[in-house]
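Chemist: Counting from 1, position 1 in the sequence shown corresponds to residue 1 in this note's numbering; the numbering is continuous, with no gaps.
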Amino acid sequence: MQSEFLIRYGKMPDTPTPPSTWVWQFINIIMTVFFCLAAFVNLNDDDWFVWVPGYAVPGLLSLTVAIKPSIANTTVWGSVAVIDFTLSCAYAIYAVVIALEALGHQVANPLQHEEGREMGGVFIIIFWLGIARFTNIGRPGTSVTNKNLMNALLLMTITLTLLPLLTWSLCFVSDWHTKLAHCNNMFKQ
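(1) Using the C-alpha atoms, what's the distance from T17 back to S88?
(2) Flag this pair as yes or no: are the beta carbons of G54 and C36 separated by less than 7 Å?
(3) Suppose the cutoff is 7 Å on Cβ atoms and the five residues either side in sequence are ignored; what does the same chain contact list for P164 look like?
(4) May I ask you to verify whether the segment 17-32 touches the segment 92-104, counting CB pairs closer than 8 Å and requiring at least 3?
(5) In its own chain, which residues sit with a C-beta less than 8 Å from the C-beta of S79, not counting the 5 before and 5 after it?
(6) Which term fits N44, buried or exposed, when burial requires 16 or more other beta carbons within 10 angstroms of its beta carbon?
(7) If the criterion is Cβ atoms closer than 7 Å, does the pair L154 and I137 meet it?
(8) Could you tell me the distance, in whole angstroms, from the CA atom of W51 to the CA atom of A39?
(9) Whole angstroms are fine: how far does the CA of T178 sit from the CA of D84?
(10) Which of the three DSSP states, helix, strand or coil, is assigned to I137?
(11) Between the alpha carbons of I158 and I98, how many angstroms are there, rounded?
(12) Is V173 helix, strand or coil by DSSP?
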């Protein structure tokens, strides 16, 4: 009886949503906001056609998981995530080479250069898609075999989810955008 209900409606009857799923949905809302803002900021970039879809696709994937977490178990969602993950990994190799050329093989803060910031953006996309696609965090119907490991991974995910937003928001504090390397060329003067 319950298996028929599961097949027909995609969920077990009267199963409460675990707290980890609520946390995972909240994290996906935060990442949706970040990726949408990143896509919006890149609308005026010279290579917007790379970055707007590059940030919009993970943003849409995060939005769908925030609305309906079980969608992450579908073939279409998984395929889109894997394709974007693969393309981002390929671009990351290119971005590292370009960033090294821009730095002149010197030890410096890569975020001072556009190429370094692009590389950082690709790494955020790779990190996020890797966690969203290849872990069981917050997925309905999955069992947690090692609770401590999952809690540590969840804490790490929360920290690394907030980190890009916090560092980016520092650029909007007073005149900090003139002092912080990762804010260079963010505002037209």
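C-beta: ideal position from N, C-alpha, C; glycine also. The model shown is predicted, which means the values in this text are computed figures rather than measured ones.
Modeler: On the basis of the coordinates in this document:
(1) 32 Å
(2) no
(3) F34, I124
(4) no
(5) none
(6) exposed
(7) yes
(8) 7 Å
(9) 34 Å
(10) coil
(11) 30 Å
(12) coil
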